[in-house]
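As structure tokens, then:
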């Protein structure tokens with residue numbers, strides 16, 4: 012668990028090293044106690060479902076009677092999932108947001124989370140904004156930090172999140188039915204466009220000024236988990252997942268697990284506001300195969316269109332109908348005229364990046 | 012969750028990098044699916060408490076009615092918590108064992124766990140024995156792997172474990188009472204002695220041949236979580252914790268959280284079989300302030316001595332009475348004659364290592 016004099020806890024083997032580090036590091040790791048433990052104790056005091064928070068061998072949860080517990084883990088590695096110099100407040104937000112997004116995609120209500128943190132150093136100038144960004148989002152969703160671990164090492168942030176859902180209502184990947192509409196929340200592709208801006212990809216195609224790049228980058232660095240929509244879709248949607256790796260690839264998981272095919276209206280995919288200004292090739296590519304969108308793709312019976320729209324309105328989240336579930340045939344793309352379109356995502360990207 | 016074609020899942024930002032890696036890495040990451048997913052699916056099929064295992068946005072647990080959920084996370088970093096060339100089978104065992112040890116110290120029964128794994132490469136020669144070691148221990152305790160995450164990055168293993176316990180029976184650190192006996196399970200210090208052997212510490216004092224070093228090293232690399240003892244101590248013990256950083260330091264957490272002091276019989280501390288042959292200074296130091304022991308230190312009313320002994324016998328775990336909880340006075344050490352002993356752990360180690 013989040014051991015708050017963790018220089019003793021985090022060097023289980025290297026005991027002698029611990030003794031050397033002890034004096035110098037202890038005060039630094041007390042900072043972690045300062046930044047994270049207060050929140051846990053106040054949260055544990057306020058929520059009867061939290062039996063015991065940070066500070067013992069285990070945290071204790073009191074699951075609400077009759078509810079299922081939804082559990083998800085995401086590990087974010089510096090240089091792979093975020094830039095090493097990422098703004099720590101946004102990074103704190105994002106680490107929890109991507110986990111809450113998994114709860115949202117299941118229709119689960121956030122309950123609590125654990126944080127395991129490997130840090131090269133206990134730097135207050137990083138820890139203060141990181142914890143502030145993380146705990147602001149936690150507070151927003153009344154999702155208590157109940158424990159975890161801290162250690163010295165390459166920057167690595169692993170969050171395990173817990174949510175609740177009534178049995179039978181979870182929105183699973185394997186539940187799409189032939190004839191379902193396919194829907195997506197919010198907009199797609201601005202996060203991927205921001206990355207293209209950092210990397211100066213497709214210079215002949217992408218036109219974006221600094222303000223537009225900053226706007227798109229907020230989608231990349233500070234995603235919004237669609238928790239309220241996930242809750243509103245309970246009992247309405249069949250299958251759902253969150254889009255972290257691009258719509259086409261993620262929808263493919265639903266198709267595979269449900270044993271169905273799909274038709275997508277390529278030019279109906281809702282582009283982010285910055286992406287919407289780009290050339291059609293880029294719009295199509297990044298709405299279809301962007302990444303870091305953290306929108307919900309879901310299927311629902313055609314007879315429930317009005318209920319889906321009402322769920323979107325009730326959760327203040329845009330929802331767009333983008334296609335339908337078919338008997339078979341994999342993923343087929345149609346243009347605005349209903350004609351089949353073929354996009355070779357990999358080749359396109361490779362060709363134009365080269 | 013443990014996304015089992017995770018090259019799409021694990022490079023959320025670096026989408027272009029993903030496209031480059033995709034072809035080459037996918038088959039390697041399929042190995043992870045091979046090594047971990049089978050277990051999850053069979054476990055999920057066998058245990059009604061597992062509503063849904065690996066493969067969706069979240070796993071789903073069905074907590075047993077009326078039970079509290081105990082949750083603990085430990086993150087193990089290469090070069091800090093284990094040697095980079097650690098035997099992967101023992102490492103797989105150890106990563107789960109240290110988490111189960113936290114459940115044991117709480118008196119909780121193992122239920123399930125998530126695994127988040129950052130790997131420099133998907134090497135079958137490492138993954139096969141790692142998963143075998145991990146899953147053998149999981150099977151032994153019927154503790155199902157229900158999800159997690161995989162990514163490319165510096166070797167880092169983060170496990171979050173879930174156990175069940177009836178409300179009010181958790182063995183908490185803050186529950187020691189004045190007059191309680193202090194007990195410890197098993198033996199102490201052989202893991203620390205093994206580390207001293209690797210590092211050639213205290214060459215004038217420690218005498219150990221290669222066979223003895225190997226025997227001691229098993230305690231370091233392949234610890235045994237005292238799960239059965241923890242369960243047997245429900246309703247008998249007051250406070251408990253697992254000893255990962257040395258008895259003195261860890262017992263200190265009980266004293267601090269319970270607002271009490273303690274007297275320890277220094278020469279009654281049960282030394283591991285290899286440590287038992289060493290000089291008294293080394294025996295005292297490593298039983299008192301070793302590390303990586305993963306034994307349970309617990310307190311219980313003096314009136315329940317027979318019940319504690321019976322709990323040890325029922326769980327086939329040695330239990331040794333080593334002291335008592337006092338009103339105050341911090342941690343006092345007595346020798347076999349009842350005379351106070353002062354050991355400056357830090358100075359001793361520093362002096363003799365220098």
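Chains as they are written, first to last, in the numbering used here: chain B, 12 to 365; chain H, 12 to 365. Using N, Cα and C, we set each Cβ at its ideal position, and we do this for glycine too.
Per DSSP, the beta-bridge partners of residue 171 of chain H are H:84, H:125.
Within a 10 Å sphere around the beta-carbon of residue 164 of chain B sit 16 or more other beta-carbons, which makes this residue buried. Only 77, 78, 79, 80, 81, 82, 83, 84, 85, 86, 87, 88, 89, 90, 91, 92, 93, 94 from the segment 77-103 of chain H bring a Cβ to less than 9 Å from some Cβ of chain B. Against residue 253 of chain B, the close residues of chain H are 68, in the order they occur along the chain (beta-carbon pairs closer than 8 Å).
Residue 295 of chain B is positioned such that its CB atom lies closer than 8 Å to that of residue 277 of chain B. In this structure, DSSP gives residue 225 of chain H a helical state, which the three-state scheme calls helix. Closest by C-alpha distance to residue 336 of chain B, out of B:189, B:285, B:311, is B:189. In terms of beta-carbon proximity, residue 162 of chain H lines the interface with chain B, with at least one pair separated by less than 8 Å. Scanning H:250, H:160, H:247 for the CA closest to the CA of residue 66 of chain H turns up H:160. Per DSSP, the continuous beta strand (DSSP E) segment holding residue 332 of chain H begins and ends at 330-337.
Sixteen is the threshold: since fewer than 16 other Cβ atoms of the shown chains lie within 10 Å of the Cβ of residue 320 of chain H, the residue is exposed. Taking a cut-off of 8 Å for Cβ pairs, the segment 104-119 of chain H and the segment 231-242 of chain H touch, as three or more such pairs fall below it. Closest in C-alpha terms to residue 227 of chain H, from the list H:303, H:104, H:124, comes H:303. Annotation: residue 336 of chain H has no Cβ neighbours in chain B at a cutoff of 8 Å; minimum Cβ distance is about 18 Å. Of B:126, B:81, B:212, B:187, the smallest CA-CA separation from residue 272 of chain B is found for B:187.
Chain-order list of chain H residues neighbouring residue 125 of chain B: 82, 84, 171, by C-beta distance under 7 Å. Just measuring C-alpha positions, the residue of H:84, H:60, H:80 sitting nearest residue 73 of chain H is H:60. Contact between the segment 323-341 of chain B and the segment 215-233 of chain B is absent: fewer than 3 CB-CB pairs across the two stretches fall below 8 Å.
The closest CA to that of residue 146 of chain B, considering only B:104, B:245, B:84, is found on B:104. Its chain contains 300 as the residues whose beta carbon lies nearer than 8 Å to that of residue 260 of chain B, once the 5 sequence neighbours on both sides are disregarded; these appear in chain order. Think of a sphere of 7 Å around the beta carbon of residue 74 of chain B: the chain H residues whose beta carbon falls inside it are 74, 80, in chain order.
Within the DSSP bridge table, the entry for residue 306 of chain H names H:254 as partners. The beta carbon of residue 290 of chain H sits closer than 6 Å to the beta carbons of 216 from its chain, once the five residues preceding and following it are set aside; these are given in chain order. The Cβ atoms of residue 184 of chain B and residue 268 of chain B lie closer than 8 Å to each other.
When the five nearest sequence neighbours on each side are left out, the beta carbons in the same chain lying within less than 6 Å of the beta carbon of residue 279 of chain H are those of 333, in order along the chain. For residue 224 of chain B, same chain residues with a beta-carbon under 6 Å away, outside a window of 5 residues either side, are 208 in chain order.
With the rule of 3 Cβ pairs closer than 8 Å, the segment 243-256 of chain H counts as touching the segment 321-330 of chain H. If you draw a straight line from the Cα of residue 284 of chain B to the Cα of residue 201 of chain B, it comes to about 7 Å. For the segment 116-140 of chain B, the residues whose beta carbon sits under 7 Å from a beta carbon of chain H are, in order, 116, 117, 119, 125, 127, 129.
Distance between residue 63 of chain H and residue 69 of chain H, taken at the CA atoms: about 8 Å. Shown here, residue 280 of chain B sits in coil according to DSSP, grouped into three states, outside any helix or strand. Taking C-alpha positions only, residue 178 of chain H is separated from residue 122 of chain H by approximately 16 Å. Looking at the DSSP output, residue 351 of chain B bridges to B:345. For the 8 Å CB-CB criterion, residue 173 of chain B and residue 124 of chain B form a contact.
With respect to the C-alpha of residue 108 of chain B, the residue from B:311, B:84, B:71, B:166 having the closest C-alpha is B:84. Below the 8 Å Cβ cutoff, chain B contributes no neighbours of residue 281 of chain H, its closest Cβ being approximately 19 Å away.
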